[in-house]
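Peer 1: What follows is a structure written as structure tokens; I'll ask about it next.
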Ligand SMILES: [Zn+2]
């Protein structure tokens with residue numbers, strides 16, 4: 046049996062047809078079916094990671110460090126230590142000496158990609174940070190990024206998205 050295609054955006058008439066098809070006998074021909082558009086507001090909690098996202102809106106980069114283990118700063122932060130499960134402490138990350146560890150270029154983004162293309166995705170190595178921070182370059186020229194490229198963070202403090210996209214990196218010329 047041939048499968049029916051469903052368009053992403055339906056016209057009001059198509060919506061009515063769809064409802065009638067879905068409910069078949071339950072919607073008699075003479076019953077009105079009218080669209081009743083609604084929108085919802087989703088309240089999302091940042092939980093224990095609030096200081097990180099709040100920091101981005103204030104042009105500050107915060108990571109977490111375990112008081113018991115000596116692994117260094119975790120970035121993105123973990124609320125609890127992945128090694129000993131104890132609560133971590135917040136520290137502001139000094140990005141001096143940050144370099145591109147590795148990179149790739151997004152040319153064909155998948156669904157949900159919020160940036161423009163081509164988009165250079167970078168993994169940033171920061172002294173004192175025990176993880177590589179995944180991010181993107183917000184400005185680049187031919188031949189950039191390259192491995193070991195010195196970078197500094199830039200923050201979207203005006204009209205922030207309150208997501209990880211509020212931090213990006215640029216080359217230190
Ligand atoms: Zn620990």
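Residue numbers (this note's numbering): 46 to 218. Glycine is no exception: its CB is placed at the ideal position from the N, C-alpha and C atoms. None of these values were measured; they are calculated from a predicted model.
Work out the CA separation of residue 115 and residue 130 for me, nearest whole Å.
Peer 2: 14 Å
Peer 1: Is it the case that the stretch 169–181 contacts the stretch 202–216, given that we only count it when at least three CB pairs across the two stretches are under 8 Å?
Peer 2: yes
Peer 1: Could you give the uninterrupted runs of the beta strand (DSSP E) lying entirely in the stretch 157–193, keeping only those of 3 residues or more?
Peer 2: 164–170 and 178–181
Peer 1: I'd like to check one pair, residue 102 with residue 205: are the Cβ atoms closer than 8 Å?
Peer 2: yes
Peer 1: Please confirm whether any heavy atom of ligand 1 lies closer than 7 Å to the CB of residue 175.
Peer 2: no
Peer 1: Residue 93 to residue 122, Cα distance in whole Å?
Peer 2: The alpha-carbon separation between residue 93 and residue 122 amounts to approximately 10 Å.
Peer 1: Establish whether the CB of residue 156 and some CB of chain B are separated by less than 8 Å.
Peer 2: Among the chains of the structure shown, chain B does not appear; only one protein chain is present.
Peer 1: Just confirm the distance between the C-beta atoms of residue 118 and residue 136, as a whole number of angstroms; I'd bet it's less than 8 Å.
Peer 2: 6 Å
Peer 1: For residue 175, which of 164, 159 and 138 has the nearest alpha-carbon?
Peer 2: 138
Peer 1: Please identify the residue among 185, 111 and 105 whose C-alpha is closest to the C-alpha of residue 126.
Peer 2: 111
Peer 1: Quick check: is any heavy atom of ligand 1 less than 7 Å from the C-beta of residue 213?
Peer 2: no
Peer 1: Which of the three DSSP states, helix, strand or coil, is assigned to residue 215?
Peer 2: Look at residue 215 here: in three-state DSSP terms it is strand.
Peer 1: Would you list the residues sitting across from residue 108 in a DSSP beta bridge?
Peer 2: 136
Peer 1: Residues in the same chain with beta-carbon distance under 8 Å from residue 107, minus the five sequence neighbours each way, listed in chain order, please.
Peer 2: 96, 97, 100, 122, 135, 136, 137 and 138
Peer 1: Identify whether residue 96 lies in helix, strand or coil by the three-state DSSP scheme.
Peer 2: In the displayed model, residue 96 falls within a helix according to three-state DSSP.
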